[in-house]
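Inspection log for the structure reproduced underneath, given as structure tokens.
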Amino acid sequence: MFTIRRILSILALLLLTLSLTILPAAGQDDLLSFAAADCDYGGNLKSVKALDSLTVQVTLCNPDAIFAQEMASLGLSVHPSEYLDATGGEGDILTDPIGTGPLRLVNWDQGNEMVFERFDDYWGEPSIEDTVILRWNSEAAARATELRAGTIDGMKFANPDDIPVFRADPNFNLIDIPPLTGVYVAMSNFFEPLNDVRVRTAIAMGIDRQRIVDNFFPPGSPLTPDFVPPAVFGHVGEGGVPGFDQDAAVALLEEAAADLGFSLPLESLVDTRTGESRALTLTWRDVVRGYLPNPGIIANDVAAQLADIGVIADVQVVESGAFIASALSGNEPLHILGWHADFPDASNFLTCCHGPNYNQMGEPYPAIYEPLIEAGQVLEPDQRMALFEQVAAGMAQAVPWVPFGHAGAADVWQVRMIGVHPGVLDGTEEFSRIEDPDDNNVIYMQNAEPISLYCNDTWDGESFRACHQVSESLLDFAKGGVDVIPGLAESWDISDDGMVWTFHLRDGVIFHDGSSLDANDVVASWHASADCASPNHTGTGQGFAIYKSIFQQFINADQC
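If you're matching positions, the sequence shown starts at 4 in the working numbering and goes up one per residue.
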């Protein structure tokens, strides 16, 4: 069945030409493919091609130890190729997605709520309830008030102080989320004197991380010198950044100031790229995350601690989308961010921020990214662990950030709700599997409004939760867990050398606009993320960060 929007998309497609890097597969002019000229461009994706209408072959430059888990990320979700071309990867696709999931978006009342409804042509188990409503409020107390009033069925991230109260109340079902998180103060070496390791080390030694965990994190949240949580493979229990020592921090700052000629207290910086002077800022976004339960309180506490050693930072809150884009570009001298596991491996926590082509900390550090990349390409666990230990040693040498804990969290539901489960991995709750025996909808309140529903180009967990209801990738994670299961691909084959992955798509999968999924949709969706020469490599301006964290670099990166 063709909808009007589908017809318009096809007409738009006739007016567009594909990027020159998309080539017809040999002997079949209607099948798409794209490829890097060679593997010297710095990324790990060599080519993607449709072998037939239901078969996609992905060829890597090097093996990838966790490739199956990465294929379950919504950063690689699949969209209709015609819709990508019609929107150019921006505009409507950000707010009006066409997916294959069990729910379809029917209204995004920006600033208020999103309404999803059951997609009756879904290939898998249909949604239990007719309607799912997603709302948001940045204040945990406000979310709790609505839950107690019965105006919502469930809420994200209870305030740490409320967790034991909800746990003891028989009217509610508290769902614990394990501490698969990390949070950090990042330091961009694009700014003098943050480009001196003594200054970065002093800042690290000036933050009492144990105080923050004890006062502001839920009970049981661990503190380690490693950004990778203890429960995740690749966690290194020793090394990392130095511990709290204010006297040593002051001495290091004084030594650096004498050598480099800057004044103390440190209140201003110089952008090494432009030579311009600017005030020293500590920025954050007003979004409660599992890794950051009290962002404003923590940001001000960090600033107060730094003031005690002579580092005076102006604490500023920045709008969420603008903050992420600026931070990923290295333009926020000191900023607070973190990570909730997309999959349980150290690479997921480290490639997000320390790849060779990532500038969040300024110029990347070879002592960190070289063993990190190798750890992703080695299959033997002991060898991988030894390489993660080298990464930790590189962190201790460079001190690019100050990780300060692994926060646990808890969601709360009305006790009557059936099928509730934790989003162990970031944004993976499946609202279509939850039942309200009292009515035909599920109403859930999270901590912030999604930035975009084109999750191929976002870095935002609140967006991923919404996307997870609508869009799908080749593979998926089991409900409430971490095991990889088939998604849009019902099976896959791997070559002996681990370099060629062949995905066999499900037959009969329907997009929300009534069109059928085929291999060209997969190729086009990946091409928009992978290749700067693609006219669809546009999105929200967040740099297709998930794709880049998986594959290290874009094809034709000089055109971005």
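Cβ coordinates follow ideal geometry from the N, Cα and C atoms, glycine included.
C-alpha distance - residue i paired with residue j, whole-angstrom precision
i: residue 266; j: residue 325; result: 31 Å
i: residue 29; j: residue 38; result: The pLDDT assigned to residue 29 is 38, lower than 50, so where the model puts this residue is not dependable; a value taken from the coordinates is nonetheless given after this. Cα to Cα, the separation comes out at about 13 Å.
i: residue 299; j: residue 188; result: 13 Å
i: residue 198; j: residue 191; result: 7 Å
i: residue 59; j: residue 520; result: 12 Å
i: residue 357; j: residue 556; result: 12 Å
i: residue 1; j: residue 121; result: Nothing can be reported for residue 1: it is not among the residues displayed for the chain, which extend from 4 to 563.
i: residue 474; j: residue 104; result: 5 Å
i: residue 217; j: residue 159; result: 22 Å
i: residue 550; j: residue 471; result: 17 Å
i: residue 64; j: residue 237; result: 23 Å
i: residue 553; j: residue 360; result: 12 Å
i: residue 25; j: residue 499; result: Bear in mind that the predicted position of residue 25 carries a pLDDT of just 45, short of 50, making it too unreliable to give a figure here.
i: residue 35; j: residue 52; result: 6 Å
i: residue 68; j: residue 112; result: 41 Å
i: residue 186; j: residue 54; result: 42 Å
i: residue 442; j: residue 479; result: 29 Å
i: residue 263; j: residue 273; result: 12 Å
i: residue 445; j: residue 106; result: 12 Å
i: residue 244; j: residue 204; result: 8 Å
Pick from the options that is closest to residue i, judged by C-alpha positions
i: residue 454; options: 44, 327, 390; result: 327
i: residue 439; options: 135, 92, 76; result: 135
i: residue 151; options: 436, 38, 184, 175; result: 175
i: residue 291; options: 139, 500, 419; result: 139
i: residue 404; options: 338, 344, 377; result: 338
i: residue 226; options: 484, 44, 406; result: 406
i: residue 448; options: 71, 115, 92, 463; result: 115
i: residue 346; options: 74, 35, 48; result: 74
i: residue 212; options: 196, 376, 538, 229; result: 229
i: residue 70; options: 476, 329, 441; result: 476
i: residue 384; options: 350, 112, 552, 522; result: 350
i: residue 301; options: 172, 314, 320, 312; result: 320
i: residue 481; options: 72, 49, 54, 41; result: 72
i: residue 165; options: 222, 249, 49; result: 222
i: residue 183; options: 344, 201, 200; result: 344
i: residue 200; options: 368, 412, 536, 171; result: 368
i: residue 278; options: 340, 253, 309, 195; result: 195
i: residue 255; options: 548, 516, 208, 40; result: 208
i: residue 309; options: 206, 515, 123, 43; result: 206
Closer than 9 Å to chain C by CB, residue i
i: residue 137; result: In the displayed structure, chain C is absent; only one protein chain is listed.
Where residue i sits in the DSSP three-state scheme
i: residue 407; result: coil
i: residue 340; result: strand
i: residue 489; result: strand
i: residue 373; result: helix
i: residue 150; result: helix
i: residue 144; result: helix
i: residue 555; result: coil
i: residue 419; result: coil
i: residue 428; result: coil
i: residue 459; result: helix
i: residue 238; result: coil
i: residue 57; result: coil
i: residue 541; result: coil
i: residue 532; result: helix
i: residue 256; result: helix
i: residue 187; result: strand
i: residue 412; result: strand
i: residue 138; result: strand
i: residue 231; result: coil
i: residue 25; result: Because residue 25 sits at a pLDDT of 45, beneath the cut-off of 50, its placement in the model cannot be relied upon, and the point is left open.
Any non-hydrogen atom of the ligand HEM closer than 8 Å to residue i Cβ
i: residue 557; result: No copy of the ligand HEM occurs in the structure displayed, which carries no ligand at all.
Sub-9 Å separation of residue i and residue j beta-carbons
i: residue 467; j: residue 431; result: yes
i: residue 220; j: residue 163; result: yes
i: residue 275; j: residue 352; result: no
i: residue 87; j: residue 362; result: no
i: residue 234; j: residue 285; result: no
i: residue 558; j: residue 46; result: yes
i: residue 548; j: residue 460; result: yes
i: residue 215; j: residue 305; result: yes
i: residue 501; j: residue 331; result: no
i: residue 101; j: residue 515; result: yes
At least three beta-carbon pairs within less than 8 Å, the region 505 to 520 to the region 476 to 491: The region 505 to 520 is in contact with the region 476 to 491.
Validate contact between the region 117 to 136 and the region 533 to 552 using beta carbons, cut 8 Å, 3 pairs: Contact between the region 117 to 136 and the region 533 to 552 is absent, with fewer than three C-beta pairs closer than 8 Å.
Contact between the region 381 to 400 and the region 414 to 428 (3+ Cβ pairs under 8 Å): By the Cβ test, the region 381 to 400 is not in contact with the region 414 to 428, since fewer than three Cβ pairs between them sit closer than 8 Å.
Three-pair Cβ contact test at 8 Å for the region 360 to 374 versus the region 247 to 264: no
contact_flag[the region 516 to 532, the region 82 to 94] where n(CB pairs < 8 Å) is 3 or more: yes
The region 140 to 147 contacting the region 278 to 297, beta-carbon criterion three pairs below 8 Å: yes
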